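Asks: First the structure, then my questions, so here it is.
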Amino acid sequence: TQLLEQSPQFLSIQEGENLTVYCNSSSVFSSLQWYRQEPGEGPVLLVTVVTGGEVKKLKRLTFQFGDARKDSSLHITAAQPGDTGLYLCAGEADSWGKLQFGAGTQVVVTP
Amino acid sequence: DTGVSQDPRHKITKRGQNVTFRCDPISEHNRLYWYRQTLGQGPEFLTYFQNEAQLEKSRLLSDRFSAERPKGSFSTLEIQRTEQGDSAMYLCASSYGTGNTIYFGEGSWLTVV
Numbered sequence: 001t002q003l004l005e006q007s008p009q010f011l012s013i014q015e016g017e018n019l020t021v022y023c024n025s026s027s028v029f030s031s032l033q034w035y036r037q038e039p040g041e042g043p044v045l046l047v048t049v050v051t052g053g054e055v056k057k058l059k060r061l062t063f064q065f066g067d068a069r070k071d072s073s074l075h076i077t078a079a080q081p082g083d084t085g086l087y088l089c090a091g092e093a094d095s096w097g098k099l100q101f102g103a104g105t106q107v108v109v110t111p
Numbered sequence: 001d002t003g004v005s006q007d008p009r010h011k012i013t014k015r016g017q018n019v020t021f022r023c024d025p026i027s028e029h030n031r032l033y034w035y036r037q038t039l040g041q042g043p044e045f046l047t048y049f050q051n052e053a054q055l056e057k058s059r060l061l062s063d064r065f066s067a068e069r070p071k072g073s074f075s076t077l078e079i080q081r082t083e084q085g086d087s088a089m090y091l092c093a094s095s096y097g098t099g100n101t102i103y104f105g106e107g108s109w110l111t112v113v
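Protein sequence lines, in the order shown, are assigned to chains G and Z.
Residue 22 in my numbering is what sits at position 22 of the first sequence, and the numbering runs on without skipping anything.
Residue 46 in my numbering is what sits at position 46 of the second sequence, and the numbering runs on without skipping anything.
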């Protein structure tokens, strides 16, 4: 059972468009991480957010942690084909590295 | 630093056979984690080690699963009497202590036929 709900499950957009992926839970997390996973590979960490209300930017990616530390969002501006991948959010509940992952959002950016 | 290394990358086995996966973490990473990921799902936590001590095991880790990290370096995950439901990608990850980046390996795919 995934305690983190990600939406949408699948997103297909054209190059240059913006997109937002959501990660919601009824549980409070001490930190939340976003990963991107390519086919046949392990997840790669994009960002960790720790403080409620925190906003972090990584080039064209903007990550936000909800005030109550239960939800998060990932916004990509002017998406590029290289942004294609499975985006996973993961919450740390009680121990570093013991992560609860969402089911992921598959993003496809077409040229 | 070559990253987290997992072996084998792919394994096909018959139901009832035993399989063992090996994980070599990034050197000097004292924490090592095992996860399992099935198609269409995110990874699920199985267990983790700090040095050679196994500190926590998920309820997902049935009696047929055993993980070891005898010298605090590489780790093995053994599945005995495999079942079709064990088919998944088994991911290993490591970190240096807490609060630092967790690096995942490329995973070991298991198919039980």
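Note that CB positions come from ideal geometry on N, CA and C, so glycine has one too.
A quick note: this is a predicted structure, and the numbers were derived from the prediction, not measured.
Using a Cβ cut-off of 8 Å (strictly closer), state whether F101/G contacts chain Z.
Replies: yes
Asks: Can you list, in chain order, the residues of its chain with a C-beta nearer than 8 Å to that of T1/G? Leave out the 5 residues immediately preceding and following it.
Replies: Confidence at T1/G is low in this model, with a pLDDT of 49, below 50, so the placement of that residue should be treated as unreliable; the coordinate-derived value is given next. Around T1/G: no qualifying Cβ.
Asks: Comparing the C-beta of G118/G with each C-beta of chain Z, is any distance below 8 Å?
Replies: Outside the shown range of chain G, which is 1 to 111, sits residue 118/G, and nothing can be said about it.
Asks: Using a Cβ-Cβ cut-off of 7 Å (strictly less than) and excluding sequence neighbours within five positions of G99/Z, which residues of its own chain qualify?
Replies: Cβ neighbours of G99/Z beyond the five flanking positions: none.
Asks: May I have the straight-line CA-CA distance separating S87/Z from G82/G, to the nearest angstrom?
Replies: 30 Å
Asks: Whose Cβ in chain Z lies nearer than 9 Å to the Cβ of S95/G?
Replies: Per Cβ cutoff of 9 Å: Y48, L55, E56, T98.
Asks: Under 8 Å between the Cβ atoms of F65/G and G53/G?
Replies: Against a cut-off of 8 Å, the Cβ pair of G53/G and F65/G comes out as a contact.
Asks: Name, please, each residue of chain G whose Cβ falls closer than 7 Å to the Cβ of F74/Z.
Replies: When 7 Å is used as the limit between beta carbons, F74/Z is near no residue of chain G, the shortest such separation being about 17 Å.
Asks: Just curious, the beta strand (DSSP E) that D83/G is in, first and last residue?
Replies: First-last for D83/G: undefined, no H or E at that position.
Asks: From the DSSP secondary-structure annotation, give me the bridge partner or partners of G91/G.
Replies: L32/G, Q100/G
Asks: Please go through the same chain and pick out, in chain order, the residues whose beta-carbon is closer than 6 Å to the beta-carbon of H10/Z, but skip the five residues on each side of it.
Replies: W109
Asks: Give the DSSP-derived three-state secondary structure of Q84/Z in the structure shown.
Replies: helix
Asks: Can you confirm whether the stretch 77-92 of chain Z touches the stretch 26-35 of chain Z when touching is taken to mean that 3 or more C-beta pairs between the two stretches lie within less than 8 Å?
Replies: Taking a contact to require three or more Cβ pairs closer than 8 Å, the stretch 26-35 of chain Z and the stretch 77-92 of chain Z qualify as touching.
Asks: Let's see if you can read the secondary structure: which residues bound the beta strand (DSSP E) around H10/Z?
Replies: 10-13
Asks: Per DSSP, what kind of secondary structure is Y96/Z in: helix, strand or coil?
Replies: Coil at Y96/Z, not helix or strand.
Asks: Going by alpha carbons, who is nearest to R81/Z out of P43/Z, R64/Z, R69/Z, T101/Z?
Replies: R64/Z
Asks: Rounded to a whole number of angstroms, what is the C-alpha to C-alpha distance between L46/Z and S66/Z?
Replies: 10 Å
Asks: Which same chain residues, not among the five before or five after T13/Z, have their C-beta less than 8 Å away from its C-beta?
Replies: V19, T82, L110, T111, V112, V113
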